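Take any residue in the sequence shown, count from 1 to its spot, add 509: that is its number in this note's numbering. Input: a single structure, listed below in structure tokens.
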Amino acid sequence: MTAAATPGPRQGRGGPSFSDASPAQVRAALIPEEAAEFDREWREVMARATESLDLTELFETLESWRFVARITAAQGAEAHRALYRRAAAKLTGDQVPADEPLATTKARLGLA
Numbered sequence: 510m511t512a513a514a515t516p517g518p519r520q521g522r523g524g525p526s527f528s529d530a531s532p533a534q535v536r537a538a539l540i541p542e543e544a545a546e547f548d549r550e551w552r553e554v555m556a557r558a559t560e561s562l563d564l565t566e567l568f569e570t571l572e573s574w575r576f577v578a579r580i581t582a583a584q585g586a587e588a589h590r591a592l593y594r595r596a597a598a599k600l601t602g603d604q605v606p607a608d609e610p611l612a613t614t615k616a617r618l619g620l621a
């Protein structure tokens with residue numbers, strides 16, 4: 510038995526809108542560093558939802574990652590990473606090297 514193909518996210522004016530994207534579609538649009546982050550966070554909220562029988566946090570998490578997927582798809586992977594570097598440079602006043610690991614850049618922003 511094979512799984513049916515999942516259609517891609519709905520197309521908007523600037524590319525896929527991801528407004529109704531499944532978790533798998535969202536993950537597929539993320540850069541590898543953030544896909545790993547998504548996996549970890551998704552598993553954590555799924556576990557909490559299983560215990561609490563409340564899907565609110567799950568849907569909030571999915572919506573947040575849909576936004577990241579939409580931005581990533583619109584900009585491309587390198588431009589998406591550069592967005593974090595520019596934000597960190599503005600926040601800290603320091604130059605952020607282009608080869609800095611994304612986790613380090615996000616830590617500068619208080620996102621890690």
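By construction, the Cβ of each residue, glycine as well, lies at the ideal position given by its N, Cα and C atoms. The structure displayed is predicted, hence computed values, not measured ones.
Measure the C-alpha to C-alpha separation of A596 and L620 and round it to an integer number of angstroms.
-> Looking up residue 596 in the sequence shown gives position 87. Looking up residue 620 in the sequence shown gives position 111. Whole-angstrom Cα-Cα distance: 12 Å.
Rounded to a whole number of angstroms, what is the C-alpha to C-alpha distance between P610 and T581?
-> As a working mapping, residue 610 is identified with position 101 in the sequence shown. As a working mapping, residue 581 is identified with position 72 in the sequence shown. Near 17 Å, if we compare the C-alpha coordinates of T581 and P610.
Could you tell me the boundaries of the alpha helix (DSSP H) in which F622 lies?
-> Summary: the structure shown does not reach residue 622, with the chain confined to residues 510 through 621, and so no result is reported for it.
Which residue's Cα is closest to the Cα of E587: L539, E560, P532?
-> Position 78 of the sequence shown, counting from 1, holds the residue named residue 587. In this structure, L539 is the residue among L539, E560, P532 with its C-alpha nearest to the C-alpha of E587.
Identify, in the order they occur along the chain, each residue of the same chain with its Cβ nearer than 8 Å to the Cβ of L600, setting aside the five sequence neighbours on each side.
-> Numbered from 1 along the sequence shown, position 91 holds the residue referred to as residue 600. Once the five neighbours on either side are set aside, the close Cβ partners of L600 are R617, L618.
Measure the alpha-carbon distance for P606 versus R594 and round it to whole angstroms.
-> For the purposes of this step, residue 606 is identified with residue 97 of the sequence shown, where counting begins at 1. For the purposes of this step, residue 594 is identified with residue 85 of the sequence shown, where counting begins at 1. If you take the alpha carbons of P606 and R594, they lie about 8 Å apart.
Where does D548 sit, in a helix, a strand or coil, going by DSSP?
-> Taking the sequence shown and counting its residues from 1, the one referred to as residue 548 is at position 39. Helix.
Exposed or buried, what is F576 when buried is set at 16 or more other beta-carbons lying within 10 Å of its beta-carbon?
-> Numbered from its first residue, the sequence shown carries residue 576 at position 67. Result: exposed.
Q534 - containing alpha helix (DSSP H), residue span | The residue you call residue 534 lines up with position 25 of the sequence shown. 532-538 is the span of the alpha helix (DSSP H), which, as asked, contains Q534.
Just the Cα atoms here: how many angstroms apart are T614 and E543?
-> What you label residue 614 is simply residue 105 of the sequence shown in a count that begins at 1. What you label residue 543 is simply residue 34 of the sequence shown in a count that begins at 1. Answer to the nearest angstrom: the Cα atoms are 13 Å apart.
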